[in-house]
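My numbering runs 129 ahead of the 1-based position in the sequence shown.
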Amino acid sequence: MSYAIPLMMAPYFYCSRQRQFFISSLISIPSGGISLITTDWALKNVLEVAFGEFVRHNGQMTGDEVVGIQVNDPTNPIVAGFLPAAKHVDPQWWLESSSYPIEIVDQQRVRVLIKSNELNKKYNSYAVLITFDCDSTSFRASVYKRIDDPWIGLLVLAILIFVTSIISIVILCFLWRRYQQRKQIYHENHVLSNKPTGKRQISVQLEDQQPKTYETQRMEVFVPQNNEERIHACFTPHDGTQQVHQFYERTTQAYF
């Protein structure tokens, strides 16, 4: 703002912060016959400070929405482009998030070119596009952005896509890590490991063992026909005379 602005140029203020040297330079611009154009975001920090006797911020903020508009002054060339469209459909205006509604201070000198009854019901402000004269200069302030200005929407969409991608990558990494952990636990619990234990292996050979056998004795006992009281026995000894004698005594004691 330290250089001279040609008369054919119109400074456009989109979103500005209050600076004392900036405000003092801004006030001198209309005196030089130059038009100023601002958006609603310059309403509080620029227009209310430099031209507070005309307009100011009403203290509210809008949401991200679209409202219907009405052309209030069809004779003004600024709104000439809205007239053909208004014959077929109702024109719409985009209220970007955190936009500043206009409060008109000087009803006589501030002219409302476009208004919105729907906006007035929601935020107690019907002005959408206004203009007022400072000395010999016309000043125009648009409270909201046109819906056909898509770069802000594209920027928001890009940010949402970026954030969603980061969240998706984090979720995928977390799920992959959980899968690897569960896979490792499954192998530890259900799969036999063939790794050597470090101990010497001992070979064991199993041989077929035959069942243990026992030798028996053959004994024949008969009763003679002579009816004698003694019982004669004939047997084949195997373990010696002493065992045969003991068996004979047990046998005779059983009968006598």
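Heads up, the beta-carbon is just placed ideally off N, CA and C, and yes, glycines get one too.
Answer with buried or exposed for residue i, where buried requires no fewer than 16 other C-beta atoms within 10 angstroms of its C-beta.
| i | result |
| --- | --- |
| L165 | buried |
| V175 | buried |
| A179 | buried |
| T168 | buried |
Consult DSSP for residue i and reduce its assignment to one of helix, strand or coil.
| i | result |
| --- | --- |
| Y132 | Legend: pLDDT at Y132 = 45, less than 50; position of this residue unreliable, no value from coordinates given. |
| T204 | coil |
| I276 | Low confidence applies to I276: its pLDDT is 46, below 50, so where it sits in the model is not reliable, and the reading given next is rough at best. I276: coil per DSSP, three-state reduction. |
| F291 | helix |
| I198 | coil |
| H186 | strand |
| F180 | coil |
| Y141 | strand |
Considering only C-alpha positions, which residue in the set the options is nearest to residue i?
| i | options | result |
| --- | --- | --- |
| V187 | F180, E194 and L172 | A small correction: the amino acid at residue 187 is Asn; Val does not occupy that position in the sequence shown. It is L172 whose Cα lies nearest to the Cα of N187. |
| E194 | I300, L224 and D202 | L224 |
| N246 | L286, V200, L301 and M190 | V200 |
| P206 | L258, S254, R311 and P140 | L258 |
| E177 | R311, Y229, V218 and A287 | Y229 |
| V421 | L304, R185 and H316 | Lying before the first or after the last residue shown, residue 421 is absent from the chain, which here runs from 130 to 385. |
| K244 | V208, I198 and I233 | I198 |
| Q189 | T204, I288 and I231 | I231 |
| G181 | L283, I233 and G210 | I233 |
| C263 | Q237, R307, E317 and L284 | Q237 |
| S226 | V285, P213, P203 and H316 | V285 |
Go to residue i, then tell me how far its beta strand (DSSP E) extends in each direction, as first and last residue.
| i | result |
| --- | --- |
| L242 | V239 to K244 |
| G210 | Per DSSP, G210 belongs to no beta strand (DSSP E) and is neither H nor E. |
| F261 | A256 to C263 |
| A221 | Looking at the sequence itself, residue 221 is Gln, so the reference to Ala does not match. Q221 to L224 is the span of the beta strand (DSSP E), which, as asked, contains Q221. |
| L165 | L165 to T167 |
I believe residue i touches residue j by the beta-carbon criterion, under 8 Å. Please report the beta-carbon distance rounded to the nearest angstrom.
| i | j | result |
| --- | --- | --- |
| L248 | T260 | Not a contact, Cβ separation roughly 18 Å. |
| Y252 | T191 | 6 Å |
| W222 | V196 | 6 Å |
| L235 | F183 | The sequence shown places Asp at residue 235, rather than the Leu named in the question. About 5 Å separates the two Cβ atoms, so the contact holds. |
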